[in-house]
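K.L.:
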Amino acid sequence: MAGEMQSDLIKAIDRQPATVERRQAPRRRVRRDRRKGVSRTVGMHVSPSGIAIAVVEQSGDQSNLIVQQIRFPDDSGPRHGDWSDNTLADALNELASRYNLGGQAVTVGLGGNPCVTRVVAGDNEEVDHEIRELTHRTQRYIGMGLGNKVSCQTTNRIDAKRKRVCVTIAIRQMVDAIAAAIQSAGMRLAHLEHSMLVLCRILHAYEKDSQEPVLFMVEELGRVDLGISYQGRLLLDYRPAIPEASATHGSIVQRHLKCLRRYIHAQLPNASADLSTLFVTQKPSDHKSHGQGLDESSVLRRQRFPMHQLCEGLQVHGELTEDSGMIAAIGLARLNNDARFAEETNDLVSTLRTGRRVQWIPLLRYTWPFTLAASIALALFLTGQHASRQAERTEAKIETLTEQNAQGNRIRLMLQRRMQRTEQIDALAAGLPRRDWTDVLMTAGQCLPDGAWLESVRIENDSTVRIAGASHSGESVYAYIDRLKRTGMFSQVALESTSATRNSVGPQYRFHVSAMVENQTPSADSKRVAACPRGGFDRG
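If you count by the UniProt record's numbering, then the sequence shown holds residues 1 to 540, one letter each, in order.
(1) Kindly provide the ranges of any alpha helix (DSSP H) runs that are 4 or more residues long and lie completely inside the stretch 94-143, ordered along the chain.
(2) For I368, which of helix, strand or coil comes out of DSSP?
(3) Let me confirm a value: I411 is counted as buried when at least 16 other C-beta atoms fall within 10 Å, else exposed. Which label applies?
(4) Could you tell me which of V316, S456 and Q508 sits nearest to S514, measuring between CA atoms?
(5) Pop quiz: L65 and S195 are said to be a contact at Cβ under 8 Å. What is the actual Cβ separation, rounded to whole angstroms?
(6) The beta strand (DSSP E) that contains S456, what's its start and end?
(7) Would you call the stretch 54-71 and the stretch 153-160 touching, i.e. three or more CB-CB distances under 8 Å?
(8) How long is the line joining the alpha carbons of A12 and A52, rounded to whole angstroms?
(9) Go ahead and pull the three-state DSSP assignment for Y277.
(10) Quick check: the Cα distance between A18 and I171, rounded to an integer number of angstroms?
(11) Determine the direct distance from the alpha carbon of L372 to that of E392, and round the result to whole angstroms.
(12) Alpha carbon to alpha carbon, how far is A179 from S388?
(13) Following the continuous alpha helix (DSSP H) through D225, name the residue where it begins and the one where it ends.
(14) Can you find the residues in the same chain that come closer than 7 Å, C-beta to C-beta, to R15, ignoring five residues on each side of it along the sequence?
(15) Who does Y238 pair with in a DSSP beta bridge?
(16) Can you round the beta-carbon distance between M217 and V106 to whole angstroms, since I take them to be within the 8 Å contact cut?
(17) Got a sec: does the ligand NAP put a non-hydrogen atom nearer than 7 Å to the Cβ of S388?
(18) Does the pairing of the stretch 70-89 with the stretch 116-129 give three or more beta-carbon distances under 8 Å?
(19) Look up V198 in the DSSP assignment and say whether it is helix, strand or coil.
(20) Starting from Y206, trace the alpha helix (DSSP H) both ways and give me its first and last residue.
(21) Taking T498 and F511 to be in contact with their CB atoms under 8 Å, please state how far apart those CB atoms are, rounded to whole angstroms.
(22) Assign P507 to one of three DSSP states: helix, strand, or coil.
(23) Measure the C-alpha to C-alpha separation of A374 and F381 and round it to an integer number of angstroms.
(24) With H, G and I counted as helix, E and B as strand and the rest as coil, what does DSSP make of T87?
(25) Is the beta carbon of A205 sitting closer than 8 Å to the one on Y230?
(26) In this structure, does DSSP put F305 in helix, strand or coil?
(27) So what's R15 in DSSP terms, helix, strand or just coil?
(28) In this structure, how does DSSP classify N405 when only helix, strand and coil are distinguished?
(29) Determine, using beta carbons only, whether Q62 and S39 come nearer to each other than 8 Å.
(30) Under a three-way DSSP split, which group does G469 fall into?
(31) Considering only C-alpha positions, which residue in the set L95, V517 and R421 is nearest to A444?
(32) Quick check on L236: buried or exposed, where buried means 16 or more other Cβ atoms within 10 Å of its Cβ?
(33) If I follow the unbroken alpha helix (DSSP H) through R262, where does it start and stop?
(34) State buried or exposed for S297, treating a residue as buried only when at least 16 other CB atoms are found within 10 Å of its CB.
(35) Ends of the beta strand (DSSP E) at S499?
(36) Kindly list the residues whose CB is nearer than 8 Å to the CB of R301, restricted to its own chain and excluding five residues on each side of it in sequence; keep chain order.
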């Protein structure tokens with residue numbers, strides 16, 4: 001999540017929601033729209049415990065409600081957090097085939113532990129900071145299970161400086177599995193949201209939370225979730241710790257009631273924070289569980305969700321159970337159905353729908369002043385935009401020239417420094433003494449005794465001279481070394497190696513001598529002492 005947060009869980013998983021109604025009203029005036037023989041809306045609730053589906057069919061004056069609930073087996077993947085098996089897909093394929101839901105848009109509510117909603121309210125900057133922190137912590141909701149999470153948000157303005165942001169976080173594997181299963185069943189996913197938000201809208205639709213915040217309880221696989229609804233909006237999704245086996249639902253509510261009241265008082269200082277009403281699902285097996293813990297001194301009143309009002313005017317087909325999943329599914333189907341047909345009832349605009357074409361001449365006659373004013377405003381706007389673009393181009397050129405000027409100054413300064421450095425190097429090079437290596441070679445050759453000759457003279461960078469030669473006698477080698485030492489030009493004269501060979505003339509002694517060249521120039525006396533009139537580079 002990781003980018004901008006989406007407002008829908010479907011968009012959060014990089015999918016596009018399906019259109020609920022793709023057909024448009026006919027342009028011609030007819031007595032009835034023959035395409036709308038039967039209108040259907042489908043609501044579905046998916047949780048780790050199972051699926052609840054509600055189909056509202058309306059044909060003329062007759063309205064039917066088809067409900068069914070499928071429980072997942074105890075050893076199925078969804079009950080243990082694994083949505084990759086075919087349990088969900090098989091159940092949806094069965095429902096689509098039984099009720100002929102191919103191509104039908106479906107609105108889905110998520111329930112249970114894999115989905116949670118966090119509500120942040122306060123000043124705009126504080127809420128934005130908290131939402132950023134919440135987004136960064138999305139992947140750390142380890143209580144929901146392992147795996148990647150997705151999130152979406154909606155914003156409601158309290159006033160100009162305050163707002164309330166509702167962030168829903170769900171396990172990505174569950175959302176992807178639901179979207180893929182609905183697509184494989186041939187249906188179209190139109191909307192996907194947390195079922196607690198749906199329950200809040202149901203309570204508000206029948207004016208259960210219009211005057212003060214109310215508390216409602218949802219149970220899923222033995223875990224109790226508490227929610228606070230006010231005017232159709234969820235104020236808090238509270239997940240108490242998993243209770244011990246002996247704890248009753250009433251004791252759980254009483255244990256956290258004081259904390260919940262403090263939260264409501266902080267969020268809504270002007271509203272009642274008594275939380276005196278608790279809406280619960282009505283199951284025969286847990287009547288006693290809900291009632292226990294709410295003693296006579298408690299001011300908390302227990303009420304049922306408005307299931308009777310929710311199904312009013314509908315002929316129910318199927319087994320109707322009053323658990324949270326079934327209530328959410330019916331609410332998704334019923335409330336969407338009412339909103340969908342709201343424009344067809346009590347709408348005065350519908351009485352003005354005629355099939356005549358627009359009379360352009362009278363329209364232009366009465367609207368030309370507005371058209372002229374709009375044209376002038378548009379021309380001024382375009383002129384201003386053009387001037388703004390010209391100014392931006394000029395500013396860009398100025399910035400470019402400024403950067404180029406600064407770069408030229410840097411290059412000029414660098415060139416001056418390099419020229420100064422070159423002059424310094426030239427001055428240092430002029431002051432260094434230059435040696436004439438010809439004297440070294442001449443001296444090395446003139447010091448050779450009779451019967452000796454040079455084969456190579458190598459001068460290295462550190463003024464080291466390596467001389468290789470040969471002689472007819474071993475005494476000549478040592479005499480040559482003594483002469484080199486007496487010249488004063490060489491120091492550290494050393495015999496590195498010798499080797500004896502024989503040829504047609506006689507024995508030969510090859511030698512390698514190394515020496516260091518001194519900086520001072522040798523004197524004339526030393527040269528005369530070392531000079532050998534018959535020596536040289538030629539063979540003796």
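A virtual CB, placed ideally from N, CA and C, is assigned to each residue, including glycine.
Every value quoted in this text rests on a predicted model; they were computed, and no experiment measured them.
P.N.:
Reading from the atomic positions:
(1) 124-136
(2) Here residue 368 is Trp; the residue named in the question, Ile, does not match the sequence. Reduced to three states, the DSSP call for W368 is helix.
(3) exposed
(4) When only C-alpha atoms are compared, the closest one is S456.
(5) Rounded, the Cβ-Cβ distance is 18 Å, inconsistent with contact.
(6) S456 -> beta strand (DSSP E) spans A452 to I459.
(7) no
(8) Put simply, the backbone Cα of A12 is about 24 Å away from that of A52.
(9) First, the amino acid is wrong: residue 277 is Thr here, not Tyr. T277: strand per DSSP, three-state reduction.
(10) Taking the straight line from one Cα to the other gives about 21 Å.
(11) 30 Å
(12) 47 Å
(13) Going by DSSP, D225 is part of no alpha helix (DSSP H) but of the beta strand (DSSP E) stretching over R223 to Y230.
(14) A179
(15) L226
(16) By a beta-carbon distance limit of 8 Å, M217 does not contact V106. Their separation comes to about 27 Å.
(17) This structure does not include the ligand NAP; it has no bound ligands of any sort.
(18) no
(19) helix
(20) Here Y206 belongs to no alpha helix (DSSP H), and DSSP marks it neither H nor E.
(21) Going by Cβ atoms, the distance from T498 to F511 rounds to 5 Å, so yes, they are a contact pair.
(22) strand
(23) Rounded to the nearest whole angstrom, the CA to CA distance from A374 to F381 is 10 Å.
(24) The answer is helix: DSSP assigns T87 an H, G or I state.
(25) no
(26) coil
(27) coil
(28) helix
(29) no
(30) strand
(31) Distance from the Cα of A444 is smallest, within the candidate group L95, V517 and R421, for V517.
(32) By the neighbour-count rule (16 or more Cβ atoms within 10 Å), L236 is buried.
(33) H249 to Q267
(34) Only weak support exists for where S297 lies, its pLDDT of 43 falling under 50; the value from the coordinates is given anyway. Label assigned to S297: exposed.
(35) Here the beta strand (DSSP E) through S499 covers F490 to R502.
(36) S276, T277 and L278
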